[in-house]
Amino acid sequence: MLAIRNLRSYYGRMQALKGVSLHVEEGEVVSLIGANGAGKTTLLNSIVGLVSSLTGQILFFDTDIIKRNPRQIIRMGVSLVPEGRQLFAPLTVIENLILGAYQRYRKDKKSEIKSDLEKVFVLFPILKERKSQIAGTLSGGEQQMLAIGRSLMARPKLILMDEPSMGLAPLVTTQIFQIISELHKQGTTILLVEQNAEAALRISSRAYVIETGRVVLQGMSQELLHNQEVRRAYLGREYKEVWE
Amino acid sequence: MSIWNSHFECMARDELKQLQLERLQATLNRVRRSVTFYRRLFDQVGLVPEEINSLEQLARIPFTSKTTLRQSYPYEMFAVPLREVVRLQCTSGTTGEPIVVGYTRNDLAHWTEASARILSAGGVTKDDVVQICFDYSLFGGGLGFHYGAELIGASVIPGSNLDPARQVVIARDYRTTALVATPGFGLRLTAAIRKKGLGPADIYLKRGLFTGEPFSEKTRKQIEDELNIKATDNYGLSEIVWPGVAGECEEKKGLHIFEDQFIPEIIDPETEEVLPLGEKGELVLTTITKEAFPLIRYRTGDITILDASLCKCGRTLIKMKKVAGRTDELVTIKGVRFFPSQIERIFSRIEKVEPHICVVIDRRDGEDIVEVLVEISEEIFFDEMKKLQELKSRGEREVYQDLGISVEVKLVEPDFFAREAMGRRLIDKRERK
Numbered sequence: 001m002l003a004i005r006n007l008r009s010y011y012g013r014m015q016a017l018k019g020v021s022l023h024v025e026e027g028e029v030v031s032l033i034g035a036n037g038a039g040k041t042t043l044l045n046s047i048v049g050l051v052s053s054l055t056g057q058i059l060f061f062d063t064d065i066i067k068r069n070p071r072q073i074i075r076m077g078v079s080l081v082p083e084g085r086q087l088f089a090p091l092t093v094i095e096n097l098i099l100g101a102y103q104r105y106r107k108d109k110k111s112e113i114k115s116d117l118e119k120v121f122v123l124f125p126i127l128k129e130r131k132s133q134i135a136g137t138l139s140g141g142e143q144q145m146l147a148i149g150r151s152l153m154a155r156p157k158l159i160l161m162d163e164p165s166m167g168l169a170p171l172v173t174t175q176i177f178q179i180i181s182e183l184h185k186q187g188t189t190i191l192l193v194e195q196n197a198e199a200a201l202r203i204s205s206r207a208y209v210i211e212t213g214r215v216v217l218q219g220m221s222q223e224l225l226h227n228q229e230v231r232r233a234y235l236g237r238e239y240k241e242v243w244e
Numbered sequence: 245m246s247i248w249n250s251h252f253e254c255m256a257r258d259e260l261k262q263l264q265l266e267r268l269q270a271t272l273n274r275v276r277r278s279v280t281f282y283r284r285l286f287d288q289v290g291l292v293p294e295e296i297n298s299l300e301q302l303a304r305i306p307f308t309s310k311t312t313l314r315q316s317y318p319y320e321m322f323a324v325p326l327r328e329v330v331r332l333q334c335t336s337g338t339t340g341e342p343i344v345v346g347y348t349r350n351d352l353a354h355w356t357e358a359s360a361r362i363l364s365a366g367g368v369t370k371d372d373v374v375q376i377c378f379d380y381s382l383f384g385g386g387l388g389f390h391y392g393a394e395l396i397g398a399s400v401i402p403g404s405n406l407d408p409a410r411q412v413v414i415a416r417d418y419r420t421t422a423l424v425a426t427p428g429f430g431l432r433l434t435a436a437i438r439k440k441g442l443g444p445a446d447i448y449l450k451r452g453l454f455t456g457e458p459f460s461e462k463t464r465k466q467i468e469d470e471l472n473i474k475a476t477d478n479y480g481l482s483e484i485v486w487p488g489v490a491g492e493c494e495e496k497k498g499l500h501i502f503e504d505q506f507i508p509e510i511i512d513p514e515t516e517e518v519l520p521l522g523e524k525g526e527l528v529l530t531t532i533t534k535e536a537f538p539l540i541r542y543r544t545g546d547i548t549i550l551d552a553s554l555c556k557c558g559r560t561l562i563k564m565k566k567v568a569g570r571t572d573e574l575v576t577i578k579g580v581r582f583f584p585s586q587i588e589r590i591f592s593r594i595e596k597v598e599p600h601i602c603v604v605i606d607r608r609d610g611e612d613i614v615e616v617l618v619e620i621s622e623e624i625f626f627d628e629m630k631k632l633q634e635l636k637s638r639g640e641r642e643v644y645q646d647l648g649i650s651v652e653v654k655l656v657e658p659d660f661f662a663r664e665a666m667g668r669r670l671i672d673k674r675e676r677k
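Chains as they are written, first to last, in the numbering used here: chain A, 1 to 244; chain B, 245 to 677.
Shown next as structure tokens:
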């Protein structure tokens with residue numbers, strides 16, 4: 001579905017990605033883990049066309065989308081749940097959701113959008129309860145659900161999620177991850193960037209470890225959970241065991 | 245005919261290429277960071293790993309030789325700290341310093357998976373009783389097959405290094421259905437079965453997987469006929485994994501290389517140029533899943549041909565032909581270059597001769613002398629002198645006709661090779677003088 005080859009991204013003269021190659025197959029949850037500043041968010045932003053200085057190939061269903069603008073890319077079926085939610089805070093829940101369907105609002109029947117809205121409400125009953133509430137007044141977890149719900153409104157073939165658990169209480173984090181695995185069961189394809197490496201590895205089938213703009217490890221998530229380097233660097237384990 | 249991991253073994257070629265590129269790039273980034281040898285090597289040739297944008301560009305990287313591995317004895321080439329290593333094995337070291345090879349837990353999982361693929365390709369299922377006649381030692385073979393067979397769920401007998409006579413009793417009594425051994429041991433086993441007055445009907449064997457020695461078609465036929473089994477070949481090397489690099493399926497048209505774990509190339513051993521697909525040359529392997537002991541463009545020394553034709557079994561993996569010889573076995577005598585395997589092929593045409601030969605090169609009075617030791621079957625060993633003489637001169641004549649070199653043929657008794665030459669096909673005494 002998605003195949004990236006030798007992706008290099010630049011912010012001015014600073015190179016954030018140094019030749020990253022990765023792929024996501026249909027129906028897969030793939031996670032991307034790495035320290036702060038490793039280039040994870042840049043990678044997601046590059047896929048949806050938010051980074052302008054790019055070289056390499058981003059093949060989405062065999063079409064190179066590297067020079068396309070975000071609107072075209074979203075229309076092709078890629079949806080981003082951005083870091084920090086980026087909701088329209090003064091608008092209501094339902095307005096936020098409808099804005100998620102922005103690019104197909106004129107094209108599709110209103111009834112289709114309405115039925116998609118119902119689907120989101122089935123997945124997140126809490127949003128239905130609060131549909132008229134101002135988005136900025138929701139709790140962190142609810143805001144994250146709204147951000148995911150909004151991305152679903154675009155009927156994406158691939159969802160990119162950037163740090164969905166950031167700033168959330170542990171209990172709420174668990175809830176968000178349950179939603180992600182629920183989406184996976186429904187056949188949604190997800191590329192997930194997470195600080196919470198352990199949770200990400202547990203719900204994904206495969207993973208890539210990024211270090212200063214390069215992929216240094218990749219494989220089945222189960223394998224990476226057993227990789228000592230990953231355990232030491234990202235899972236906060238065995239620190240004592242390794243360094244005494 | 246079952247395929248153990250159809251996801252990887254039957255992957256579309258373009259998907260496989262993507263996977264190989266990803267794994268190659270991650271491996272290069274890791275060795276650059278963690279292995280001093282590779283950091284220096286890359287710096288020397290001014291290579292930054294991220295410049296490798298395609299599999300073809302792999303050719304820009306210098307080779308890793310066996311000498312390098314010997315010089316790095318014991319742990320210099322490891323890419324992870326020793327405490328992440330859960331197994332240490334080594335190469336035999338018959339031709340020099342041994343090489344220590346480490347495996348992390350994930351490395352062992354990949355190795356076991358590869359071994360399960362080989363066994364499945366050879367027809368082994370969970371219903372089989374697998375008898376493994378490889379030493380359970382430092383050299384990998386026994387343990388590699390053992391874990392693979394267990395993963396499949398077969399009943400595994402660690403026959404290890406018991407002598408053929410006892411292995412036969414075990415095979416008969418435990419109802420072994422699959423044999424794992426060297427071709428030479430396969431032959432000794434057939435002899436042991438005959439000696440006990442047994443035949444294929446008295447044992448339950450259905451299939452055999454052979455590796456670790458040159459395995460000619462003649463040997464294969466002999467083993468298959470005498471044991472009434474299907475015999476498949478497989479390939480590996482202790483520096484990487486043995487077994488586990490490639491395995492033959494029941495089509496017997498070549499050994500499928502597990503390209504999701506290894507990238508194969510064929511080079512001209514002299515000019516070191518990469519050769520086009522289908523040409524004969526030295527096999528070079530790059531490991532792309534190994535954590536503890538990754539090797540970039542390792543020169544295996546084995547001569548073979550890659551074959552990308554589609555296999556009937558459904559695997560999309562490229563095939564390698566049976567190993568046709570070793571680069572370090574290339575012999576030059578009075579300007580004529582040949583491999584012992586070429587002489588072996590000549591003798592495999594001659595009847596009543598066991599398909600086992602050993603070329604001994606010596607220098608007498610400044611002249612290179614080539615002796616070919618040929619094993620003959622038991623029946624004719626005590627035959628008339630005249631017949632033996634005939635056999636000898638026919639061999640010498642045919643070698644001269646085919647290769648243009650004069651050799652002296654010596655007939656040796658059965659079992660000589662198992663005892664003395666130990667699978668070696670070339671003994672060059674010139675170097676030691």
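The beta-carbon is built from N, C-alpha and C at its ideal position, and this holds for glycine as well.
Under the 8 Å criterion on CB atoms, A/H23 is classed as interfacial with respect to chain B. Proximity of chain A to B/Q269 at the Cβ level (cut-off 7 Å) is accounted for by G19, S21 and V215, in chain order. Per the C-alpha coordinates, the member of B/V567, B/L561, B/R608 and B/I613 positioned closest to B/L481 is B/V567.
For A/R206 and B/W486, the gap between their C-alpha atoms comes out near 27 Å. Among the residues facing chain A, B/E253 is not included, as its CB has no counterpart in that chain under 8 Å away.
Listed by position along chain A, the residues whose Cβ is nearer than 7 Å to that of B/E294 are K18, G19 and R214. Residue contact check for B/A353 against chain A: a CB pair falls below 8 Å. By the neighbour-count criterion, in which a residue is buried when 16 or more other Cβ atoms sit within 10 angstroms of its Cβ, B/D477 is buried.
For B/N350, the secondary structure class from DSSP, reduced to helix, strand or coil, is helix. The shortest CA-to-CA distance from B/K465 to any of B/L291, B/G430 and B/D646 is the one to B/G430.
Note that the segment 124 to 133 of chain A touches the segment 141 to 148 of chain A; at least 3 beta-carbon pairs, one per stretch, sit closer than 8 Å.
For the options B/T308, B/M255 and B/F389, the alpha carbon positioned closest to that of B/V275 is the one of B/T308.
Looking from the CA of A/L44, the closest CA among A/M220, A/Q228 and A/V78 belongs to A/V78.
Between A/L17 and A/L191, the beta carbon gap of about 15 Å keeps them out of contact (Cβ cut-off 8 Å).
For B/N249, no CB of chain A lies under 8 Å from its own CB, so it is not counted at the interface with that chain.
Under a 10 Å Cβ-count criterion, B/T311 is classified as exposed, with fewer than 16 other Cβ atoms of the shown protein chains found around its own Cβ. Assignment of A/I190 by DSSP, reduced to helix, strand and coil, places it in the strand class. For A/N6, the closest Cβ of chain B is nearer than 8 Å. Look at the segment 316 to 401 of chain B and you find these whole runs of beta strand (DSSP E), each 3 residues long or longer: 331 to 334, 344 to 347, 373 to 376 and 399 to 401. Assigned with DSSP and collapsed to three states, B/N478 falls in strand. Under the criterion of beta carbons closer than 8 Å, B/A436 and B/V412 qualify as touching, at roughly 5 Å.
Between A/F177 and A/I203, the CB-CB gap stays under 8 Å.
For B/N478, no chain A residue has a Cβ inside 8 Å of its Cβ, as the nearest lies near 24 Å away.
With a threshold of 16 other beta carbon atoms within 10 Å, B/H354 meets it and is buried. Among the CB atoms of chain A, one or more fall inside 8 Å of the CB of B/E266. In the three-state reduction of the DSSP assignment, A/I33 falls in the strand class. For B/Q262, the residues of chain A that pass the 8 Å Cβ criterion are A3, R5, S21 and H23, in the order they occur in the chain.
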